[in-house]
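Visitor: Residue numbers (my numbering): 766 to 1168.
Got a structure for you, questions after.
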Ligand SMILES: Nc1ncnc2c1ncn2[C@@H]1O[C@H](COP(=O)(O)OS(=O)(=O)O)[C@@H](OP(=O)(O)O)[C@H]1O
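The structure is reproduced here in structure tokens:
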């Protein structure tokens, strides 16, 4: 069985094997590492028992007669109690070999500013339940409706969403796989895809490399974009209100950091001479979608990335949700009559099968600072973003009303 597994499954690596006798039955244990669970199903019939811990898969063959069994020959497989004894032995074996596994994997890791890069096991099973790291990640953009997309998708029966931003790949990568996995929803269904959203992922150059190295080679990315000027205004208003509420606005303005804001929207997005756009500011950079996308395309195939239009998502969510269904191969679920447009803010709420409006930051409308915006500033931003928007449209093969 072992040779056949190795021959047919080039993704399998043996890291240990041994013989043992239980009564008169000779048992051979193999400890194999596999990157994917799916491929293992093909071999499942050969295997008397398997266990999964991190990415260690353990397979047990009894008397090496499993290949005979596949060919339909009769075998003298001993009763279930033998297997139970083996299970206990193997659990011990797994514990003893974990430290060895860790060090053998480290040889293929990259360290340095990227952190340890290693393919994460997709799911872990405990007490009949399963947790899986994401199949799909919504990587941004800030203030374009990524949260609305996530919350609506979570109503789909095949989706298990992480409601809070984990920031694992941009801020918590050194916390490691188990920390990340424990943030994932528990699911008992085989059919569910796990989805995570952190709106700042798209901005960091390390994230595409880390996500590509850690998640399944089949993982998918969703990038929600929107009118970059509207986005910048929303971002500015959010930060202004946030810092004012926390009493740190004056300090933020004084610090003049690239990710901070200044007293006015114009002074934040323009250079000191007021004649050109300051592209070193986060608030400007966060709307330059095409250059950002290049970093992701260095790691991922174009087919693995879906661009969603956040402006359309606000007014006609079903249209964008259907694109997502198609992209991640979900059963059709979302229709126009699931949603209703709220005339007060021009944003859609779900009305069925559940009533759900996406919660916006808890700042009372009366306290909300709406930035003053000069016509010239908008014109400068328009010309600045135009080539990036054009490139994005070419990439998507789709026109956006705001581009
Ligand atoms: N259906 C629905 N409900 C609520 N909000 C919606 C919806 N569709 C899109 N949007 C837009 O989402 C904007 C906030 O974006 P995000 O949730 O992605 O912001 S964040 O980056 O995660 O903080 C938010 O921007 P602001 O209104 O300026 O706050 C909305 O315009």
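Ideal placement from N, C-alpha and C gives every residue a C-beta, glycine not left out.
Keep in mind it's a predicted model, so treat the numbers as computed, not measured.
When you measure from the CB of residue 936 to every non-hydrogen atom of ligand 1, does any distance come out below 6 Å?
Guide: Residue 936: no, Cβ never under 6 Å from ligand 1.
Visitor: Assuming residue 1020 is part of the alpha helix (DSSP H), what are its boundary residues?
Guide: Per DSSP, residue 1020 belongs to the alpha helix (DSSP H) from 1014-1020.
Visitor: Measure the alpha-carbon distance for residue 881 versus residue 974 and round it to whole angstroms.
Guide: Between residue 881 and residue 974, the C-alpha separation is close to 11 Å.
Visitor: Using a Cβ-Cβ cut-off of 6 Å (strictly less than) and excluding sequence neighbours within five positions of residue 950, which residues of its own chain qualify?
Guide: Hits under 6 Å: 925.
Visitor: Just tell me which of 889, 901, 927 and 885 has its CA closest to the CA of residue 938.
Guide: Checking every option, the nearest Cα to that of residue 938 belongs to 885.
Visitor: Give the range of the alpha helix (DSSP H) segment to which residue 1077 is assigned.
Guide: Counting along the chain, the alpha helix (DSSP H) containing residue 1077 begins and ends at 1075-1080.
Visitor: Distance, Cα to Cα, residue 1058 vs residue 970?
Guide: Roughly 10 Å separates the two Cα atoms.
Visitor: Answer yes or no: do residue 910 and residue 1078 have a C-beta to C-beta separation smaller than 7 Å?
Guide: Cβ atoms of residue 910 and residue 1078: closer than 7 Å.
Visitor: If I measure Cβ to Cβ from residue 1163 and keep anything under 6 Å in the same chain, skipping five residues before and after, which residues do I get?
Guide: Answer for residue 1163: no residue qualifies.
Visitor: Excluding the 5 residues preceding and the 5 following residue 1113 in the sequence, name in chain order all residues of the same chain whose CB lies nearer than 6 Å to its CB.
Guide: Taken in chain order, the residues that qualify are 1082, 1104 and 1106.
Visitor: Shortest alpha-carbon distance to residue 1137 belongs to which of 1030, 977, 952 and 984?
Guide: The residue with the shortest Cα to Cα distance from residue 1137 is 1030.
Visitor: Spatial neighbours of residue 724 within its chain, please: C-beta separation below 8 Å, excluding the five flanking residues on both sides.
Guide: Because the chain spans 766 through 1168 in this model, residue 724 falls outside it and cannot be assessed.
Visitor: Please confirm whether any heavy atom of ligand 1 lies closer than 6 Å to the CB of residue 1123.
Guide: Flag set: Cβ of residue 1123 near ligand 1.
Visitor: Within 10 angstroms of the Cβ of residue 895, are there 16 or more other Cβ atoms? Answer buried if so, exposed if not.
Guide: Buried: at least 16 other Cβ atoms inside 10 Å.
Visitor: Tell me which same chain residues have a C-beta within less than 6 Å of the C-beta of residue 1098, skipping the five on either side of it?
Guide: So the list reads 921, once near-sequence residues are dropped.
Visitor: Considering only C-alpha positions, which residue in the set 919, 993, 891 and 906 is nearest to residue 1120?
Guide: Checked all of 919, 993, 891 and 906; the closest Cα to residue 1120 is 919.
Visitor: Are residue 1053 and residue 1026 closer than 7 Å when you measure CB to CB?
Guide: No, the pair does not count as a contact, with Cβ atoms beyond the cut-off.
Visitor: When you compare the CB positions of residue 977 and residue 1064, do they come within less than 7 Å of one another, or not?
Guide: Contact flag set, yes.
Visitor: Please confirm whether residue 987 and residue 1073 have their CB atoms less than 7 Å apart.
Guide: Yes, the Cβ-Cβ distance between residue 987 and residue 1073 is below 7 Å.
Visitor: When the Cα atoms are used, what is the spatial distance from residue 1092 to residue 1038?
Guide: Going by the C-alpha atoms only, they are around 45 Å apart.
Visitor: Check whether the Cβ of residue 1168 sits closer than 6 Å to any heavy atom of ligand 1, and report yes or no.
Guide: Checking every heavy atom of ligand 1 against the Cβ of residue 1168, none is found closer than 6 Å.
Visitor: Where do the N-terminal and C-terminal ends of the beta strand (DSSP E) with residue 905 fall, by residue?
Guide: Element bounds for residue 905: 901-905.
Visitor: Using alpha carbons as the reference points, say which of 999, 1045 and 1011 lies closest to residue 1021.
Guide: Checking every option, the nearest Cα to that of residue 1021 belongs to 1045.
Visitor: Please tell me whether, using a cut-off of 6 Å, the distance from the CB of residue 1081 to the nearest non-hydrogen atom of ligand 1 is below it.
Guide: No, since every heavy atom of ligand 1 falls outside the 6 Å radius drawn around the Cβ of residue 1081.
Visitor: Tell me, to the nearest whole angstrom, how far the beta carbon of residue 1135 is from that of residue 1002; I am working on the premise that it is less than 8 Å.
Guide: Indeed, because the Cβ distance is near 6 Å, the residues count as touching under 8 Å.
Visitor: DSSP beta-bridge partners for residue 986?
Guide: Answer by DSSP bridge pairing, in chain order: 902 and 1070.
Visitor: DSSP three-state label for residue 932, please.
Guide: In the structure shown, residue 932 sits in coil (DSSP, three-state: anything other than H, G, I, E or B).
Visitor: Ligand 1 heavy atoms versus the CB of residue 907: any closer than 6 Å?
Guide: Answer for residue 907: yes, Cβ within range of ligand 1.
Visitor: Do residue 1167 and residue 935 have their C-beta atoms closer together than 7 Å?
Guide: Contact flag unset, no.
Visitor: Are residue 1204 and residue 966 touching if we call contact CB-CB under 7 Å?
Guide: In the structure displayed, the chain extends from 766 to 1168; residue 1204 sits before or after that span and is not available.
Visitor: What is the DSSP secondary structure of residue 972, reduced to helix, strand or coil?
Guide: Note: residue 972 maps to helix in three-state DSSP.
Visitor: Is residue 984 buried or exposed, if buried means 16 or more other CB atoms sit within 10 Å of its CB?
Guide: Looking at its Cβ environment, which holds 16 or more other Cβ atoms inside 10 Å, residue 984 is buried.
Visitor: Rounded to a whole number of angstroms, what is the C-alpha to C-alpha distance between residue 893 and residue 1009?
Guide: Straight-line Cα distance between these residues: approximately 48 Å.
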